[in-house]
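Q: So that we are looking at the same thing, I have put the structure below in structure tokens.
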Amino acid sequence: MATQAQRQHSRWRRPALTIGAGAILGVLLLHPATMAIYWLEFRQQLVGDSNHLWHFIGNRMALSFTPPMLPMTGLFAALGGLMGSLSAALDARLRRSEEAISRLERLVARDVPTLIRRGESEHVEFKSSVRWDLRTEKVNKALSQVVAKTIVALANHQGGSLLIGVDDDGDILGLERDYQTLKSRDRDGFAQFLMTLVRERMGGHVCRLVHVLFSEIDGQDVCRVAVEAADQPVYLQDGGQSRFFVRTGNASRELDAREIVEYVAARWNGGR
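Using my numbering, you'd call the opening residue of the sequence shown number 9 and step up by one each time.
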């Protein structure tokens with residue numbers, strides 16, 4: 009497993025190379041281009057070899073690294089480096105998007121009926137509902153906390169899927185009773201409720217790891233919450249406490265302080 013230092017080095021190596029290449033191109037391309045513009049504007053006033061464009065540029069470039077010209081050369085290097093940094097930022101953003109799409113594709117590679125048929129595991133959990141208590145026949149806000157706990161546990165492990173509207177035996181119960189407890193009694197309202205739950209209980213930065221998808225099975229809606237593996241520890245806010253959960257087999261287990269330190273070190277800090 010790569011250490012944190014190795015991951016940090018790999019993360020910064022490509023942007024550093026891009027910025028360095030930009031600085032070099034700034035000197036080798038921007039500087040000559042500026043000299044060419046200057047020559048076109050003032051060539052009538054130039055004498056000797058300077059009347060010829062390539063002689064003029066060659067002479068000026070030869071002087072670029074002499075002490076009097078170093079500030080100008082540094083300016084062109086800085087401009088090139090700035091262009092390189094913008095290019096590096098765009099490249100990093102595109103690569104993050106591609107990685108996110110790739111992770112999501114892996115998460116949803118199996119269809120919902122297949123997941124249900126295979127049952128719960130360290131990567132899959134079933135929940136009958138997120139708000140409506142089937143035993144008491146009324147809204148139970150504690151159920152949403154259980155769903156939030158599962159999302160945290162999956163994110164802190166290797167990612168996975170939470171299927172809502174499916175009981176422990178794999179029977180399809182649907183989401184209609186949950187829908188009726190929401191202001192918007194449909195899929196959009198349900199997805200909005202879940203993302204608000206994630207934002208309030210785990211933090212807005214976790215929302216990018218959570219993808220809410222819906223399937224219709226036997227005329228009933230089932231929600232699949234596809235959770236990506238987190239790149240940093242995710243905590244569940246419960247009152248004034250921050251709680252930490254991971255998947256152990258087909259259950260979500262809360263760790264104590266010592267276990268959290270050991271797990272975080274092994275999971276994100278390369279075992280240090």
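Built from N, CA and C at the ideal position, the CB exists for glycine as well.
Pop quiz: Pro40 and Met69 are said to be a contact at Cβ under 8 Å. What is the actual Cβ separation, rounded to whole angstroms?
A: Indeed, because the Cβ distance is near 6 Å, the residues count as touching under 8 Å.
Q: Let me check understanding here. Comparing Cα to Cα, which of Val214, Leu33, His60 lies closest to Ile159?
A: Val214
Q: Are the region 264-271 and the region 186-204 in contact at 8 Å, needing three or more beta carbon pairs?
A: In short, these stretches do not touch, since the Cβ pair count stays below three.
Q: In or out: Asn277 buried (at least 16 other Cβ within 10 Å) or exposed?
A: exposed
Q: By the DSSP assignment, the alpha helix (DSSP H) with Ser152 in it spans what residues?
A: 150-164
Q: Considering Gln249, what are the terminal residues of the beta strand (DSSP E) in which it resides?
A: 249-251
Q: Quick check: Phe134 and Val174, are their CB atoms within less than 8 Å of each other?
A: yes
Q: Could you give the residue range of the alpha helix (DSSP H) that holds Glu267?
A: According to the DSSP assignment, Glu267 belongs to the alpha helix (DSSP H) that extends over 265-276.
Q: For Arg255 versus Leu162, is the C-beta spacing smaller than 8 Å?
A: yes
Q: Can you tell me whether His219 is helix, strand or coil according to DSSP?
A: strand
Q: Taking its Cβ as the centre, do 16 or more other Cβ atoms sit within 10 Å of Ala96, making it buried, or is it exposed?
A: Counting Cβ neighbours within 10 Å, Ala96 comes out buried, since at least 16 surround it.
Q: For Thr256, which of helix, strand or coil comes out of DSSP?
A: Thr256 falls in the strand class under three-state DSSP.
Q: Contact check, Leu244 vs Met203 under 8 Å by CB: the rounded distance?
A: Contact doesn't hold; Cβ gap of about 16 Å is too wide.
Q: Just grab the DSSP bridge partners of Arg232 for me.
A: Leu171, Leu221
Q: Residues in its own chain within less than 6 Å of Arg216 by CB, not counting five upstream and five downstream?
A: Nothing meets the Cβ criterion.
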